[in-house]
Amino acid sequence: QFYASEMNASMEEKLVLLEGMRSALDACNGGPCAGACQFQLLYQPKVDLRSGRLFGVEALIRWNHPEHGQISPLRFIGLAEESGLIVPLGDWVLRTACAQVEAWRAAGLPELAVSVNVSARQFEEKRLVERIAGALRDSGLAPRQLEVEVTESAIMRDLGRAVEKMREIEAMGVALSIDDFGTGYSSLSALKSFPISRLKIDKSFVADLAHCGDDQAIAMAVISLGHKLGLRVIAEGVETEEQRAFLRANDCDEMQGYLYSRPVPPERIAELLAGQAQS
Ligand code: C2E
Ligand code: CA
Ligand code: CA
Ligand code: CA
621 QFYASEMNAS
631 MEEKLVLLEG
641 MRSALDACNG
651 GPCAGACQFQ
661 LLYQPKVDLR
671 SGRLFGVEAL
681 IRWNHPEHGQ
691 ISPLRFIGLA
701 EESGLIVPLG
711 DWVLRTACAQ
721 VEAWRAAGLP
731 ELAVSVNVSA
741 RQFEEKRLVE
751 RIAGALRDSG
761 LAPRQLEVEV
771 TESAIMRDLG
781 RAVEKMREIE
791 AMGVALSIDD
801 FGTGYSSLSA
811 LKSFPISRLK
821 IDKSFVADLA
831 HCGDDQAIAM
841 AVISLGHKLG
851 LRVIAEGVET
861 EEQRAFLRAN
871 DCDEMQGYLY
881 SRPVPPERIA
891 ELLAGQAQS
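If you want it as structure tokens, here you go:
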């Protein structure tokens with residue numbers, strides 16, 4: 621009895637969240653919003669480990685709910701996946717991120733790349749390539765400034781199709797990276813056939829990097845594997861100076877994490893870029 625009512629409560633919570641997501645998305649009209657939108661993109665800087673230069677950002681969604689406040693994507697992306705709402709939501713993310721980076725360029729700031737997370741269902745959806753092309757066309761953003769982050773598990777669901785799709789994306793001039801690398805199940809022979817430019821070391825391997833020999837071994841193996849395949853390697857979730865020092869010493873190319881900056885609103889990125897242009 622108790623169990624059943626608990627389940628109903630969470631089902632009800634899900635339905636309420638879903639309904640809220642649907643109406644918030646409707647208000648967005650599928651494109652970058654003028655202001656009233658409940659969804660927002662924050663941008664986390666990615667920096668080059670050798671030069672310290674800010675070269676890109678990752679777009680990370682936030683939902684500012686009128687009653688519940690800011691809701692983490694960890695709470696609603698899964699639900700958006702299950703319900704299929706991830707497709708229009710992901711489209712909004714793509715369009716908003718492209719428009720933002722193009723706006724920075726138009727304002728005369730140094731060129732920056734943006735990466736957008738594409739979840740499994742979004743990646744499988746048959747019009748993904750057209751959607752990316754549409755976001756580029758409507759924003760005027762150069763394809764080389766866009767990168768798509770996709771997880772190994774999304775790719776491995778249907779490997780043949782996934783590789784074909786990645787080739788189409790690459791042919792547009794858009795870069796691809798493998799997110800959360802090491803947590804999924806891609807085989808090394810499959811990896812060889814991916815038209816990608818980056819591997820992203822998952823933050824679960826970075827967290828204890830200063831103290832855990834196993835995590836050090838994994839990070840070093842990913843870096844060397846990536847380099848042997850001609851890829852760049854980025855570490856996510858870098859929070860301490862020790863982690864950064866380890867990654868630098870072991871030839872990792874890039875990092876992102878709280879040590880440099882949390883995900884921030886676009887105005888803050890513009891300030892960082894302007895500061896960098898001066899120095
Ligand atoms: P992810 O793609 O692996 O993104 C990295 C997460 O780590 C982000 O959480 C980021 O805010 C957080 N992070 C960054 N630096 C640090 C650090 O130094 N320490 C720690 N502990 N965490 C750090 P966030 O923003 O809550 O996003 C969670 C996940 O939700 C993302 O994981 C991604 O899978 C998904 N997500 C976020 N935005 C989108 C989106 O626009 N579309 C899709 N499909 N998924 C998204
Ligand atoms: Ca809009
Ligand atoms: Ca990501
Ligand atoms: Ca991750």
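Mapped onto full-length UniProt numbering, the consecutive letters of the sequence shown carry residue numbers 621 to 899. Using N, Cα and C, we set each Cβ at its ideal position, and we do this for glycine too.
Exercise for the section: Look up Pro886 in the DSSP assignment and say whether it is helix, strand or coil. Expected result: helix
Problem - Nearest-angstrom Cα separation, counted from Leu674 out to Pro686 - result: 34 Å
Exercise for the section: Pull up the CB-CB distance for Gly640 and Leu732, whole angstroms please, since I reckon it's below 8 Å. Expected result: Going by Cβ atoms, the distance from Gly640 to Leu732 rounds to 32 Å, so no, they are not a contact pair.
Problem - Any non-hydrogen atom of ligand 3 closer than 7 Å to Asp799 Cβ - result: yes
Exercise for the section: Please confirm whether any heavy atom of ligand 1 lies closer than 7 Å to the CB of Ser739. Expected result: yes
Handout entry: For Phe866, the three-state DSSP class (helix, strand or coil)
Key = helix
Handout entry: Every unbroken beta strand (DSSP E) within the stretch 698-784, with a cutoff of 3 residues, ordered by chain
Key = 733-737, 766-771
Exercise for the section: Report the partner residues of Pro665 according to the DSSP bridge assignment. Expected result: Val677
Practice task
Examine ligand 3 and report whether any of its heavy atoms sits within less than 7 Å of the Cβ of Glu769.
Solution key: yes
Problem - Inter-stretch contact (C-beta, 8 Å, three-pair minimum) for the stretch 742-750 and the stretch 780-792 - result: yes
Problem - Spatial distance of Gly850 from Asp799 (CA atoms) - result: 17 Å
Practice task
Buried or exposed for Gln621, please, with buried defined as at least 16 other CB atoms from any protein chain shown within 10 angstroms of its CB.
Solution key: Here the model assigns Gln621 a pLDDT of 48, short of 50, so the residue's position is not dependable and the matter cannot be decided.
Problem - Helix, strand or coil at Arg682 according to DSSP, with G and I counted as helix - result: strand
Practice task
Using beta-carbon positions only, say whether Ala700 and Ile691 come within less than 8 Å of one another.
Solution key: no
Handout entry: Distance between beta carbons of Phe801 and Lys820, contact taken as under 8 Å
Key = 6 Å
Problem - When Leu638, Leu761, Phe659 are compared against Ala647, the one with the closest alpha-carbon - result: Phe659
Practice task
May I ask which residues mark the beginning and end of the beta strand (DSSP E) holding Val842?
Solution key: No beta strand (DSSP E) contains Val842, which is instead part of the alpha helix (DSSP H) from 833-848.
Exercise for the section: Grab the span of the beta strand (DSSP E) containing Leu819 for me, first residue to last. Expected result: 818-821
Problem - Same chain, Cβ closer than 7 Å to Arg642, five either side skipped, listed in chain order - result: Leu705
Practice task
Going by DSSP, name the residue or residues bridged to Met875.
Solution key: Val667, Ala855
Exercise for the section: Please state whether DSSP places residue 564 in a helix, a strand or coil. Expected result: Since the displayed the chain opens at 621 and closes at 899, residue 564 lies outside it and no answer follows.
Exercise for the section: Please list, in chain order, all residues of the same chain as Glu769 whose beta carbon is under 6 Å from its beta carbon, the five residues on each side excluded. Expected result: Ser735, Asn737, Ser797, Asp799
Exercise for the section: Could you round the C-beta distance between Lys666 and Gln898 to whole angstroms and report it? I think they count as a contact, below 8 Å. Expected result: Contact flag wrong, Cβ pair sits at about 20 Å.
Problem - Exposure label - Glu702; buried when at least 16 CB within 10 Å - result: exposed
Handout entry: Short Cβ contact (8 Å threshold) for Arg764 with Gly728
Key = no
Exercise for the section: Look up Gln660 in the DSSP assignment and give the residues it is bridged to. Expected result: Arg682
Practice task
Please list, in chain order, all residues of the same chain as Asp778 whose beta carbon is under 6 Å from its beta carbon, the five residues on each side excluded.
Solution key: none
Exercise for the section: With DSSP as the reference, label Gly640 as helix, strand or coil. Expected result: helix
Exercise for the section: Starting from Gly689, trace the beta strand (DSSP E) both ways and give me its first and last residue. Expected result: 689-691
Problem - Closest by C-alpha distance to Arg757, when choosing among Gln742, Phe825, Ala717 - result: Ala717
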